[in-house]
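Here's the structure we're looking at; comments come further down.
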DNA sequence: CACCTTTTGTTGTAAATGCAACAGACTTGT
DNA sequence: ACAAGTCTGTTGCATTTACAACAAAAGGTG
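Chains as they are written, first to last, in our numbering: chain W, 1 to 221; chain Z, 1001 to 1221.
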């Protein structure tokens, strides 16, 4: 396998937390890991497909997004290195994917066989059970993050949405200055507002001394 | 225990799916089940608390909601009979609750000890492992529903939000006519719009022949 | 029935938003 | 260095929304 080069990433993921390098390599073959390489802009999956594997991002960045009939785009979620995505579609009656998954940069994904992940196997994988628990924790965390995003979206004005989102980012980075993984258009799609109106509001907030920014770098004051 | 009267509900829950009545009763004591009775309007939990149990609703209806500094209310989610809530807070590093949980009607909740739920015990609970898997499936489903709600919230206009929500309800009930579990104010809080503006829009849509409604009953045309 | 409370619908106005169009800054590739 | 393309900020305008205040309808209680 050519997955060894990602071992450094894998051992830091939530999924394999508490599991040693050697065991991870063993589990990768037990879970029938397959590598998927993607160029920026490639679709990893499209809405309507059925997932039979659990994908894990080991390089790059992905967007979970949806385009409606009129071409309006919503970015539901941003997936970073080490994160799973599509874990919620392992359940047998979960139906097809509701959203597209697109590579926001050149990316590498490792796919694990869905059935083998949830079915604790009888052979040597001593740590399989731990993986199942980690998986549960990861779905739980995504759950909490989705609720947090709902918190942003529930804000009525563009300004409130921005403050809500930037506050969260600041907390996440434990610093008043931080970089966000989205450009203006993407941030607008993420918060479900008009880009120009948002740009306008950002500048107003800067002029009022609430924050400063430069490209993707922000600082709250 | 006085939990026998809820056995009919419990055996239909996702959590205990595939598990017989006798086993359920056994597990309830193994999981240190405790009953919690609530009057309409009571707070089950408040944002900031730490959960040490997994609550399961067996009677009534709950709202997961949040009031901001200015008194604006957002209803994040509606919990019906048989559903878990707060499952995402079992994980050890999950921090405090972000939202309030309030009884929308007189309700009864059964609390299961969080540690005992995820730690498959050594004694007689043969079905414990199955419960862990069911738990995972249930969090997954909630996850997918949250994404669906994000889909409603991402709509730009009140009308689009209404159509998005009502379409989902129609699909869920597999019928063009159905009842929703929210009154006007609650629906507005759920979709994060102004009640009067929403009321207005609903009437316009009715006048245009898109739908009819009477109190909580809707029919799409 | 009369009274009170809750829920729902209606209207007007100020404010915020979406949209379109454009200009300047910055990138990228040749 | 140039051209083409992308990203960001700016402006004006029509539409939509939030907010407040009120009217009408429905429900509950003595």
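Here a beta-carbon is modelled for each residue, glycine too, at the ideal position from N, C-alpha and C. All values reported here derive from a predicted model rather than from experimental measurement.
Please state if the CB of residue j and the CB of residue i are separated by a distance shorter than 8 Å.
| i | j | result |
| --- | --- | --- |
| residue 1040/Z | residue 1104/Z | yes |
| residue 147/W | residue 1076/Z | yes |
| residue 187/W | residue 78/W | no |
| residue 1101/Z | residue 1043/Z | yes |
| residue 1241/Z | residue 149/W | As displayed, chain Z neither begins before 1001 nor continues past 1221, which places residue 1241/Z out of reach and without an answer. |
| residue 87/W | residue 54/W | yes |
| residue 162/W | residue 221/W | no |
| residue 127/W | residue 19/W | yes |
| residue 106/W | residue 31/W | no |
Taking residue i as the reference, give the member of the options with the closest Cα.
| i | options | result |
| --- | --- | --- |
| residue 134/W | 100/W, 117/W and 144/W | 117/W |
| residue 1109/Z | 1213/Z, 1195/Z and 1033/Z | 1033/Z |
| residue 1130/Z | 1014/Z, 1167/Z and 1053/Z | 1014/Z |
| residue 1145/Z | 207/W, 18/W, 89/W and 216/W | 89/W |
| residue 177/W | 219/W, 186/W and 61/W | 219/W |
| residue 156/W | 1071/Z, 1030/Z and 1005/Z | 1071/Z |
| residue 1092/Z | 141/W, 98/W, 51/W and 50/W | 141/W |
| residue 198/W | 136/W, 98/W, 159/W and 19/W | 159/W |
| residue 1063/Z | 1046/Z, 1051/Z and 1161/Z | 1046/Z |
| residue 1211/Z | 1119/Z, 1170/Z, 1029/Z and 1106/Z | 1170/Z |
| residue 213/W | 112/W, 61/W, 179/W and 168/W | 179/W |
| residue 143/W | 1094/Z, 1167/Z and 1175/Z | 1094/Z |
| residue 1027/Z | 1217/Z, 1119/Z and 1052/Z | 1119/Z |
| residue 1008/Z | 1175/Z, 1058/Z and 1173/Z | 1058/Z |
| residue 1175/Z | 1002/Z, 1217/Z and 1029/Z | 1217/Z |
| residue 1029/Z | 1200/Z, 1002/Z and 1215/Z | 1002/Z |
| residue 205/W | 172/W, 12/W and 166/W | 166/W |
Within its chain, find whatever has a CB closer than 6 Å to the CB of residue i; leave out the 5 residues flanking it on each side and keep chain order.
| i | result |
| --- | --- |
| residue 48/W | 96 |
| residue 1056/Z | 1084 and 1110 |
| residue 10/W | 16 and 24 |
| residue 1052/Z | 1114 |
| residue 1124/Z | Its pLDDT being 49, under 50, residue 1124/Z is placed unreliably in this model, and the value from its coordinates should be taken loosely. None. |
Is the CB of residue i under 8 Å away from at least one CB in chain W?
| i | result |
| --- | --- |
| residue 1178/Z | no |
| residue 1052/Z | no |
| residue 1136/Z | yes |
| residue 1091/Z | yes |
| residue 1142/Z | yes |
| residue 1102/Z | no |
| residue 1167/Z | no |
| residue 1149/Z | yes |
| residue 1066/Z | yes |
| residue 1187/Z | no |
| residue 1139/Z | yes |
Pick helix, strand or coil for residue i, following the three-state DSSP scheme.
| i | result |
| --- | --- |
| residue 103/W | strand |
| residue 1163/Z | helix |
| residue 1133/Z | helix |
| residue 1077/Z | strand |
| residue 1042/Z | coil |
| residue 13/W | coil |
| residue 1063/Z | strand |
| residue 1124/Z | Legend: pLDDT at residue 1124/Z = 49, less than 50; position of this residue unreliable, no value from coordinates given. |
| residue 141/W | helix |
| residue 1034/Z | strand |
| residue 1210/Z | coil |
| residue 196/W | helix |
| residue 49/W | coil |
Hey, is residue i's beta-carbon within less than 8 Å of any beta-carbon in chain Z?
| i | result |
| --- | --- |
| residue 98/W | yes |
| residue 7/W | no |
| residue 153/W | yes |
| residue 201/W | no |
| residue 16/W | no |
| residue 62/W | no |
| residue 118/W | yes |
| residue 182/W | no |
Apart from the five residues just before and just after residue i, which ones in its own chain have a Cβ nearer than 7 Å to its Cβ?
| i | result |
| --- | --- |
| residue 164/W | 151, 152 and 155 |
| residue 195/W | 184, 185 and 188 |
| residue 209/W | 221 |
Note down, in chain order, each residue of its chain lying with its Cβ closer than 8 Å to the Cβ of residue i, except the 5 sequence neighbours on either side.
| i | result |
| --- | --- |
| residue 99/W | 47, 64, 65, 66 and 76 |
| residue 4/W | 25 |
| residue 68/W | 74 |
| residue 1038/Z | 1044, 1060, 1103, 1106, 1107, 1108 and 1109 |
| residue 193/W | 158 and 161 |
Any heavy atom of the ligand SAM within a distance shorter than 7 Å of the CB on residue i?
| i | result |
| --- | --- |
| residue 96/W | Because no ligand of any kind appears in the structure shown, any question about the ligand SAM cannot be addressed here. |
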